[in-house]
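There are 2 protein chains.
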Amino acid sequence: MFKLKDVANLTNVSISTVSKVLNGKGRVSEKKRREILKVARQLGYTPNYHARTMARRSRILTIGLIVPDITNPFFAKLTKGVEKTCGEDALIILMDSFRNLEREEKLIKNARFFGIDGIIIGNSRVNDELVLEVSKYIPVVVFDKDYECENVVSIVLDNYHGAYSATKHLIENGCTHVVHLGGTHELFVSLQRANGYEAAMRESGFQPRIFATGYDENKGYENMKKILKQGETVDGIFCMNDLVAMGAMKAVKEFGLNIPKDIAIVGFDDDENLCEIISPSLSSVHQPVEEMGQISAKLLFELIKKDLKIKRYVFSPHLVIRQSSLKGRESQ
Amino acid sequence: MFKLKDVANLTNVSISTVSKVLNGKGRVSEKKRREILKVARQLGYTPNYHARTMARRSRILTIGLIVPDITNPFFAKLTKGVEKTCGEDALIILMDSFRNLEREEKLIKNARFFGIDGIIIGNSRVNDELVLEVSKYIPVVVFDKDYECENVVSIVLDNYHGAYSATKHLIENGCTHVVHLGGTHELFVSLQRANGYEAAMRESGFQPRIFATGYDENKGYENMKKILKQGETVDGIFCMNDLVAMGAMKAVKEFGLNIPKDIAIVGFDDDENLCEIISPSLSSVHQPVEEMGQISAKLLFELIKKDLKIKRYVFSPHLVIRQSSLKGRESQ
DNA sequence: CTGAAAGCGCTAACAC
DNA sequence: GTGTTAGCGCTTTCAG
Chain V
1 MFKLKDVANL
11 TNVSISTVSK
21 VLNGKGRVSE
31 KKRREILKVA
41 RQLGYTPNYH
51 ARTMARRSRI
61 LTIGLIVPDI
71 TNPFFAKLTK
81 GVEKTCGEDA
91 LIILMDSFRN
101 LEREEKLIKN
111 ARFFGIDGII
121 IGNSRVNDEL
131 VLEVSKYIPV
141 VVFDKDYECE
151 NVVSIVLDNY
161 HGAYSATKHL
171 IENGCTHVVH
181 LGGTHELFVS
191 LQRANGYEAA
201 MRESGFQPRI
211 FATGYDENKG
221 YENMKKILKQ
231 GETVDGIFCM
241 NDLVAMGAMK
251 AVKEFGLNIP
261 KDIAIVGFDD
271 DENLCEIISP
281 SLSSVHQPVE
291 EMGQISAKLL
301 FELIKKDLKI
311 KRYVFSPHLV
321 IRQSSLKGRE
331 SQ
Chain U
1 MFKLKDVANL
11 TNVSISTVSK
21 VLNGKGRVSE
31 KKRREILKVA
41 RQLGYTPNYH
51 ARTMARRSRI
61 LTIGLIVPDI
71 TNPFFAKLTK
81 GVEKTCGEDA
91 LIILMDSFRN
101 LEREEKLIKN
111 ARFFGIDGII
121 IGNSRVNDEL
131 VLEVSKYIPV
141 VVFDKDYECE
151 NVVSIVLDNY
161 HGAYSATKHL
171 IENGCTHVVH
181 LGGTHELFVS
191 LQRANGYEAA
201 MRESGFQPRI
211 FATGYDENKG
221 YENMKKILKQ
231 GETVDGIFCM
241 NDLVAMGAMK
251 AVKEFGLNIP
261 KDIAIVGFDD
271 DENLCEIISP
281 SLSSVHQPVE
291 EMGQISAKLL
301 FELIKKDLKI
311 KRYVFSPHLV
321 IRQSSLKGRE
331 SQ
């Protein structure tokens, strides 16, 4: 790696002159400037980033983004959102924990040593103490949780409301026996969604029936099969996520029932790739994930600049209605 | 932000003593060490990353990863692979160009100014000159292309072979009228895939029929519909990617034909999420994307350390056979 | 116009 | 044990 000094020596000027030319500051004779530029290019000179940010007052913002799995569409979209608001003004250091909690904690703990100005923690199951500790050193953005602490801002999704409106939609479309294929309650979100479902059911005078199902397609399939086999009366299903809904659809079809005529279905997350490719297309509660990423970054910047206005940002999901829940129509 | 000097002043020792304590080097009396540690913690002192890497001989590796769209499963997997081999030893700066060529070029051009030690360019349509120029400054990894240049390594996928074996598989399963729904030939990969298809067909004495289709589900659907409407004889389809295959399947089903009995189908990319959720499940040519990411990073490290052994790494895709191509069986 | 010199915050020899 | 000092490579006054 060449340095200013090398260029200076080769052109018989001082390093400060070289610096000026390379930064387009101060005035230098056209002749020298030419020469310097030429030599710098020949050498392939690149200013040392660290030296530069040391010497300058202003530094380029660097934010750490920690996700459990970049391969999961949710986190990919989140990342995209973050990236969008960073634009040209900030670098983002992506750290994937591979769903390994130990690795995740290490990443979070070490982040501040890498010249990171703030950190966004994608996993909503973070250890509270860890967040509190890290926030002593750098600003933090978290999801689905709240902290009293000064240096933390929260992005939350109104899962309750999303579940409520999905259930309501099924009822309004004529379902009288809506069941909920829920998550296991180690996750806060699945509890919230179950609550939303329950509220909508009770409000209409129906008895809620919640089945602890899980989070993937296979779980949805197996559980739905079991439910149908048991002879439960079902004409509507609200699923905790789209994958579970996919599985449930498969089971329903296997029983020779028509979606949505016999059983209407709504998912959660609105992974367009899935929802639109399946037949009939799946209605789902849409999370504005990318936008959540954008806001995360925006609030983080404010926090870094000590110019925070908002400490908690709530997103309301909305229902995207497709074929799977329109009971009026029969799918071919 | 506090600095060593602040801690030193507060504890009445020199900054070098503080440095020693904080880095666990040299010997310092237990009493002072305690005091120093305590004060440092109270202050929330974090060493300045840039100053540190300047003063130290060894610096932490930082690599830039440029992708057109992190939301695309291909690039998400690639990123995961890269991250995996980075492990704890390197930082990765993720840059999404949002499929904006101008932005992408800017990102690539500027990368070297951000203390990046090497760069991985995910987009296989990069401008050659740009790659050559950037490689003068930092090591580069590219995909699907080759450069004479010293400082560039290539990761390529044997698309030809993948297409060949997919087509061969259809033929061996009894198809005599296999068509190819290909891409538009602005993409090199689609040309390679078409060539592989053609070779397999000719080898078996069949006339290849290639339809320039496109890259998404809708294109696959529309084009396949047209082909069937025209009354073409078709009993096998090799699609340029999984999305096109999805669309084609939809069209085939609409015509009341059975997959795979009447028409067998194979896709490309093997996006498991899609291939396994559809019914019948879709056979597809698998690209070891994550592994490609891992190798990219590995080779980049070697390049950075001037210890390069390989200049070109070829991955061979393999066919994953699911239900959509097993002509023997009829799907229900 | 041009260069000497101070300093960004930290580390690592090397004295004391 | 502890402090002094010389850089790391660059930017930026401030003289000349």
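Each protein sequence line maps, in turn, to chains V and U.
If you read the first sequence in the UniProt record's numbering, its first letter stands for residue 1, the second for the next number, and so on.
If you read the second sequence in the UniProt record's numbering, its first letter stands for residue 1, the second for the next number, and so on.
C-beta: ideal position from N, C-alpha, C; glycine also.
Since this is a predicted model, take the numbers as computed values, not measurements.
What does the alpha-carbon distance come out to for the pair residue i and residue j?
i	j	result
V:V39	V:L10	7 Å
U:I121	U:N100	14 Å
U:G44	V:V156	28 Å
V:G214	U:A245	30 Å
U:R202	V:G328	51 Å
V:H318	V:H286	5 Å
V:V142	V:S204	35 Å
U:C175	U:M240	18 Å
V:L130	V:V152	12 Å
U:L326	U:P280	10 Å
U:N218	U:Q323	22 Å
U:I138	V:A194	52 Å
U:I304	V:T79	27 Å
V:V126	U:T184	46 Å
U:A51	U:C275	50 Å
V:T53	V:V314	36 Å
U:F113	U:L37	35 Å
V:F301	U:G24	34 Å
residue 381 of chain U	U:R56	The structure shown does not extend to residue 381 of chain U, since chain U is modelled only from 1 through 332, so no value can be given for it.
Excluding the five sequence neighbours on either side, which residues of its own chain have a C-beta within less than 8 Å of the C-beta of residue i, listed in chain order?
i	result
U:K77	V289, E290 and G293
U:F211	V179, H180, L181, G182, N223 and I227
U:F75	V67, P68, D69 and G122
U:M95	G64, L65, I66, V67, L107 and A111
U:H161	G196, S316 and P317
V:N48	M1 and K3
V:D6	L43 and Y45
U:Q207	M201
For residue i, which residues in the same chain have their Cβ closer than 7 Å to its Cβ, ignoring the five residues on either side in sequence?
i	result
U:L177	The question names Leu, yet the displayed sequence has His at residue 177 of chain U. For U:H177, where only same-chain residues beyond five positions count, the Cβ hits under 7 Å are T233, V234, D235 and G236.
U:L4	I15, V18 and S19
U:G247	E217, N218, K219, G220, Y221 and M224
U:C149	L132 and S135
U:K145	S124 and S154
Taking the alpha carbon of residue i as the reference point, which residue from the options has its own alpha carbon closest?
i	options	result
V:I119	V:E129, V:I108, V:V126 and V:D128	V:I108
V:N12	V:C239, V:R33 and V:V156	V:R33
V:A264	V:D117, V:G214, V:I277 and V:K250	V:K250
U:T71	V:I60, V:T62 and V:E83	V:E83
U:S165	U:H185, U:C149, U:Q192 and U:K145	U:Q192
V:F188	V:H50, V:G247, V:S124 and V:M1	V:S124
U:G87	V:K80, V:F98 and V:G87	V:F98
U:K229	U:L257, U:E272 and U:Y49	U:L257
U:Q42	V:R41, V:K136, V:V126 and V:S58	V:K136
V:K311	V:H50, V:D6 and V:Y147	V:Y147
Can you list, in chain order, the residues of its chain with a C-beta nearer than 6 Å to that of residue i? Leave out the 5 residues immediately preceding and following it.
i	result
U:Y197	A163, T167, H180 and F238
V:D270	S284, H286 and V320
V:L61	A90 and D117
U:G267	C239, D242, A245, L282 and S284
U:S190	G182, G183 and M240
V:G26	K20
V:I171	S204
* Asked: What residue ranges within the stretch 86-166 of chain U form continuous beta strand (DSSP E) runs of no fewer than 3 residues, ordered along the chain?
  -> Annotation: the stretch 86-166 of chain U contains the following complete segments of the beta strand (DSSP E) (minimum length 3 residues), in chain order: 90-96, 118-121, 140-143 and 152-157.
* What are the uninterrupted segments assigned as alpha helix (DSSP H) that are 4 or more residues long and contained completely in the stretch 204-265 of chain V, given in chain order? -> Listed in chain order, the complete alpha helix (DSSP H) runs (minimum 4 residues) inside the stretch 204-265 of chain V are 217-229 and 242-254.
* Of all the residues that make up the stretch 111-142 of chain U, which are near chain V by a beta-carbon distance shorter than 9 Å? -> Listed in chain order, the positions of the stretch 111-142 of chain U with a beta carbon within less than 9 Å of a beta carbon of chain V are R112, F113, F114, G115, I116, K136, Y137 and I138.
* Going along the chain, which unbroken runs of the alpha helix (DSSP H) with 4 or more residues stay wholly within the stretch 51-84 of chain U? -> None, since the stretch 51-84 of chain U contains no complete alpha helix (DSSP H) of that length.
* Which ranges does the alpha helix (DSSP H) cover as unbroken runs of at least 4 residues, wholly within the UniProt domain "HTH lacI-type" (2-56) of chain V, from first to last along the chain? -> If we require 4 residues or more, the alpha helix (DSSP H) runs fully inside the UniProt domain "HTH lacI-type" (2-56) of chain V come out as 4-11, 15-23, 30-43 and 49-55.
* Where the stretch 67-78 of chain U meets chain V: residues whose CB sits under 9 Å from a CB there -> Those would be D69, I70, T71, N72, P73, F75, A76 and K77, in chain order.
* Between the stretch 284-299 of chain U and chain V, which residues of the former have CB atoms less than 9 Å from a CB of the latter, in chain order? -> Residues passing the 9 Å Cβ filter: E290.
* Determine which residues of the stretch 85-106 of chain V have a Cβ less than 7 Å from any Cβ of chain U, and write them out in chain order. => If you check each beta-carbon in the stretch 85-106 of chain V against every beta-carbon of chain U, the ones closer than 7 Å belong to L91, I92, I93, L94 and D96.
* To do: Could you run through the stretch 214-242 of chain V and flag, in chain order, every residue whose CB is less than 9 Å away from some CB of chain U?
  => Those residues of the stretch 214-242 of chain V that come within reach of chain U (Cβ to Cβ, closer than 9 Å) are E217.
* With 8 Å as the C-beta to C-beta threshold (strictly closer), list the residues of the stretch 37-49 of chain V near chain U in chain order. => Correct list: G44, T46, P47, N48 and Y49.
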